[in-house]
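Working notes, structure below.
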Amino acid sequence: MRVFLTLLGREVKSFFYSPIAYVVIFFFLIASGFNFYSGVSFLNQSPSEVTVVEAAFNTVLFWFPFVLIFPLITMRTYADEFRMGTIETLTTAPVQDWQVVLSKFLGSLLFYVLLWAPSYLYFTAFTQITGKQAALAAGAFGGSYLLLFLIGSFYISLGCLASALTSEQINAAVMTFVAIFGSFVTGLLGFIFNSPSQAVRDLISYFSAVEHMSDFSRGLIDSRPIVWYVSMTILVLFINLQVFQYRKWKA
Amino acid sequence: MIQVEHLTKRYAGFTAIQDLSFEVSKGEIVGFLGPNGAGKSTTMRILSGYMPYTSGRVSIAGFDIFEQSVEARRHIGYLPESTPLYHDMRVHEYLRYRAALKGVDGPKITERVGDVLEMCSLREKERAIIGTLSKGQKQRVGLADALVHDPDLLILDEPTIGLDPNQIRQVRELIKNLAHRRTVLISTHILPEVEIMCSRVIVIHKGKIRASDTAENLLRNHRAAGVVRVELSQPPSDVLSILSALAGVKDVSEEKTESGTRYHLRTDAEANPSEDVLRIAREKNWHLTELSRRKPSLEDVFVDLTHGD
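Each protein sequence line maps, in turn, to chains A and B.
Take the first sequence: its letters are residues 1 to 251, numbered as in our numbering.
Take the second sequence: its letters are residues 1001 to 1309, numbered as in our numbering.
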């Protein structure tokens, strides 16, 4: 456990050794702040039934920066170790492979959570100033954040896997982006095409991040997306572990 | 401490090391020599648990490096060839991290890190960011990392590369001092180092062991164990046959120089025909301009063992 915490500590700290973390935080704050602002002003101009939480988490302005941050967070996790050769000192220390894989994943996830933390202030500030609720119920508020966490876990695990496949950060970033964008767009197919049949529509909605968010931000906390994201994260992490151990396969 | 049995490593299409067997016992300092590409780094990477092997068996301190890898790795302090480090960390930060990772108890970390900073003369640089250090300093950080958990076995892949002569001497002293309680396997191209430092030498070439013995024995058994150099300004015609006939001389080669002719007498390890040469030169009135004896160096042995084929 101590070894694992040591590894995790370094992973989290390593974000802040390089300027990239600050750049990511900076742009993400701008993007999410602007997104919140436009959500509020949208409600100002055309009063409707939706809450500010729904308005903030269901727009293009939300999704666009959202899918872009994952490649930036995860690209260096393994690729940098391979390129610098530090993988050799890391794996010849008395550590288990799963500890390395899990620490890299959790380190990125913690950074991601940190990235979202300030957005909580937006909604509390909104409630304080306007005296109105940000969401209809605690479930809608918590549900949105729960889903952000779940989608984040899945996408971060994809990013870590991509990074473990290459020694170039940029390759990792591109692979991650393609994988996430691919899975994201698949979920949009139901919107793009006039659904061929109800069955296809239902199938797509199983893994449509956009549809999940529209449910969760209204407080409809469905167990199916939770199971989907948790199991996919575990699956991808398992593949990641196998890829990481590939070097140990006896030829 | 190290037991290697019939170790073979094949990459796609070529064999890096073939049927390597050797043992290193506790307290030995073993020099691991071989030309570039001989399989030194591959062997060391396998011994450190970084790389799998194709066949054979490796055990470190009684633990199989593949089956009980983590236990085996606890005993090893490993310095890889290129000294990989996290360039964005500070020296003391990095060493504290590595100490914790290698299982040094929390309260002891500060003490151990202080010790290795001292040992590797990095005290002044402890707050420096690793990326800003010179090559020699980075090398010493790598060495400090290998030592930080006080391992029984040190595997050092070219630890003196990139160091200046003073630092090389420091590292040599350091390793010699460590050796009382520890086992060291060290690869280097600086052969005089090996002669001074190592209790035994293993020479590998093309993935096979060519020799494994003490430096002294290697030198003694070397076929051109000694060379006596004789230079005459006006050599008489029969000089070659006279020199060849001296006791202990194996063969004589001739070389024209500006001031006359130089003869190289290759001799047995113990033989020294210098006195005979001097006596004959007096008797026959040779104009002797140079007479010197050179002991063979490990370099001669190395070149001989790894030359050609």
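Don't be surprised by glycine CBs; every beta carbon is placed ideally from N, CA and C.
Let me check one thing: in DSSP terms, what residues is residue i bridge-paired to?
i: residue 1230 of chain B; result: B:1263, B:1291
i: residue 1157 of chain B; result: B:1187
i: residue 1014 of chain B; result: B:1011
i: residue 1129 of chain B; result: B:1090
i: residue 1059 of chain B; result: B:1003, B:1064
i: residue 1205 of chain B; result: B:1208
i: residue 1078 of chain B; result: B:1155
i: residue 1200 of chain B; result: B:1030
i: residue 1020 of chain B; result: B:1007
Could you work out which residue in the options is closest to residue i when comparing CA atoms only?
i: residue 1197 of chain B; options: B:1015, B:1208, B:1170; result: B:1170
i: residue 59 of chain A; options: A:75, A:69, A:42, A:47; result: A:42
i: residue 1162 of chain B; options: B:1268, B:1032, B:1291, B:1140; result: B:1140
i: residue 1229 of chain B; options: B:1058, B:1289, B:1242; result: B:1289
i: residue 1255 of chain B; options: B:1235, B:1248, B:1302, B:1113; result: B:1235
i: residue 227 of chain A; options: A:99, A:248, A:54, A:150; result: A:150
i: residue 1117 of chain B; options: B:1144, B:1149, B:1218; result: B:1144
i: residue 1295 of chain B; options: B:1009, B:1222, B:1232; result: B:1222
i: residue 1053 of chain B; options: B:1020, B:1029, B:1033, B:1076; result: B:1020
i: residue 167 of chain A; options: A:246, A:120, A:136, A:77; result: A:77
i: residue 1152 of chain B; options: B:1091, B:1111, B:1048; result: B:1048
i: residue 1150 of chain B; options: B:1166, B:1091, B:1077; result: B:1077
i: residue 1232 of chain B; options: B:1195, B:1292, B:1178, B:1220; result: B:1292
i: residue 1267 of chain B; options: B:1276, B:1247, B:1112, B:1284; result: B:1247
i: residue 1127 of chain B; options: B:1219, B:1095, B:1018, B:1165; result: B:1095
i: residue 235 of chain A; options: A:67, A:70, A:105; result: A:105
i: residue 1306 of chain B; options: B:1119, B:1275, B:1202; result: B:1202
i: residue 152 of chain A; options: A:122, A:66, A:101; result: A:66
i: residue 1138 of chain B; options: B:1173, B:1034, B:1090, B:1008; result: B:1090
i: residue 49 of chain A; options: A:135, A:170, A:209; result: A:135
Within the continuous alpha helix (DSSP H) that includes residue i, where are the two ends?
i: residue 1220 of chain B; result: 1215-1221
i: residue 1177 of chain B; result: 1165-1178
i: residue 104 of chain A; result: 97-130
i: residue 1284 of chain B; result: 1274-1284
i: residue 198 of chain A; result: 198-206
i: residue 252 of chain A; result: Nothing about residue 252 of chain A can be read from this structure; chain A reaches only from 1 to 251.
i: residue 1323 of chain B; result: No statement about residue 1323 of chain B is possible, as the shown extent of chain B runs from 1001 to 1309 and does not include it.
i: residue 10 of chain A; result: 2-17
i: residue 42 of chain A; result: 20-45
i: residue 193 of chain A; result: Premise fails: residue 193 of chain A is in no alpha helix (DSSP H) and is neither H nor E.
i: residue 1083 of chain B; result: It is not in any alpha helix (DSSP H) - residue 1083 of chain B carries neither H nor E in the DSSP assignment.
i: residue 215 of chain A; result: 209-216
i: residue 78 of chain A; result: 76-84
i: residue 1235 of chain B; result: Element bounds for residue 1235 of chain B: n/a, residue is neither H nor E.
i: residue 1116 of chain B; result: 1106-1119
i: residue 54 of chain A; result: 52-57
i: residue 1145 of chain B; result: 1135-1147
i: residue 220 of chain A; result: Careful: residue 220 of chain A lies outside any alpha helix (DSSP H) and carries neither H nor E.
i: residue 1102 of chain B; result: Per DSSP, residue 1102 of chain B belongs to no alpha helix (DSSP H) and is neither H nor E.
If you follow the beta strand (DSSP E) that residue i is in, where does it begin and where does it stop?
i: residue 248 of chain A; result: From DSSP, residue 248 of chain A is part of no beta strand (DSSP E); its letter is neither H nor E.
i: residue 1253 of chain B; result: 1249-1257
Subject >> Under 8 angstroms (Cβ pairs) to chain A, residues found in the stretch 1036-1060 of chain B >> reply: 1045, 1048, 1049, 1050, 1051, 1052, 1053, 1054
**OP:** Using a Cβ-Cβ cut-off of less than 7 angstroms, give me the residues of the stretch 72-95 of chain A that come near chain B, in sequence order.
**Re:** 84, 85, 86, 88, 89, 91, 92, 93, 94, 95
Original post:
Which of the residues in the stretch 157-173 of chain A, read from start to end, lie with their CB under 9 angstroms from any CB of chain B?
Top reply: none
Subject >> Residues, ordered as in the chain, of the stretch 10-21 of chain A that lie near chain B by beta-carbon distance below 9 angstroms >> reply: 10, 13, 14, 17, 18
Original post:
Is it true that the stretch 80-99 of chain A meets the stretch 1097-1106 of chain B, where meeting means three or more beta-carbon pairs spaced less than 8 angstroms apart?
Top reply: yes
Subject >> Contact list for the stretch 118-132 of chain A against chain B, Cβ threshold 7 angstroms >> reply: none
Subject >> Sufficient close CB pairs (3 or more, under 8 angstroms) joining the stretch 1002-1012 of chain B to the stretch 1052-1068 of chain B >> reply: yes
Original post:
Is the stretch 1067-1086 of chain B touching the stretch 72-92 of chain A, taking contact as three or more C-beta pairs under 8 angstroms?
Top reply: yes
Original post:
Of the residues that make up the stretch 1067-1092 of chain B, which ones have a beta carbon closer than 8 angstroms to any beta carbon in chain A?
Top reply: 1070, 1071, 1073, 1074, 1076, 1078, 1080, 1082, 1084, 1085, 1086, 1087, 1088, 1089
Subject >> Inter-stretch contact (C-beta, 8 angstroms, three-pair minimum) for the stretch 137-149 of chain A and the stretch 203-218 of chain A >> reply: yes
Original post:
Does the stretch 1258-1271 of chain B come close enough to the stretch 1298-1309 of chain B that 3 or more CB-CB pairs lie under 8 angstroms?
Top reply: no
Subject >> Sufficient close CB pairs (3 or more, under 8 angstroms) joining the stretch 1038-1045 of chain B to the stretch 1197-1213 of chain B >> reply: yes
Original post:
Are the stretch 1-21 of chain A and the stretch 95-114 of chain A in contact at 8 angstroms, needing three or more beta carbon pairs?
Top reply: yes
Original post:
Between the stretch 1099-1127 of chain B and chain A, which residues of the former have CB atoms less than 7 angstroms from a CB of the latter, in chain order?
Top reply: 1100, 1101, 1102, 1103
Subject >> Chain-ordered residues of the stretch 21-40 of chain A with a beta carbon less than 9 angstroms from chain B >> reply: none
Original post:
Would you say the stretch 199-206 of chain A touches the stretch 181-191 of chain A, given that touching needs at least three Cβ pairs under 8 angstroms?
Top reply: yes
Subject >> Three or more C-beta pairs below 8 angstroms linking the stretch 1182-1192 of chain B and the stretch 1148-1162 of chain B >> reply: yes
Original post:
Listed from N- to C-terminal order along the chain, which residues in the stretch 95-109 of chain A have their beta-carbon within a distance smaller than 9 angstroms of any beta-carbon of chain B?
Top reply: 95, 96
Original post:
What residues from the stretch 1143-1173 of chain B come within 8 angstroms of chain A, judged by C-beta to C-beta, listed N to C?
Top reply: 1145
Subject >> Members of the stretch 1247-1267 of chain B that neighbour chain A once the beta carbon cut-off is set at 9 angstroms >> reply: none
Original post:
Is it a yes or a no for the stretch 61-69 of chain A touching the stretch 22-41 of chain A, going by three-plus beta-carbon pairs under 8 angstroms?
Top reply: yes
Original post:
If you measure beta-carbon to beta-carbon, which residues of the stretch 221-246 of chain A are closer than 7 angstroms to chain B?
Top reply: none
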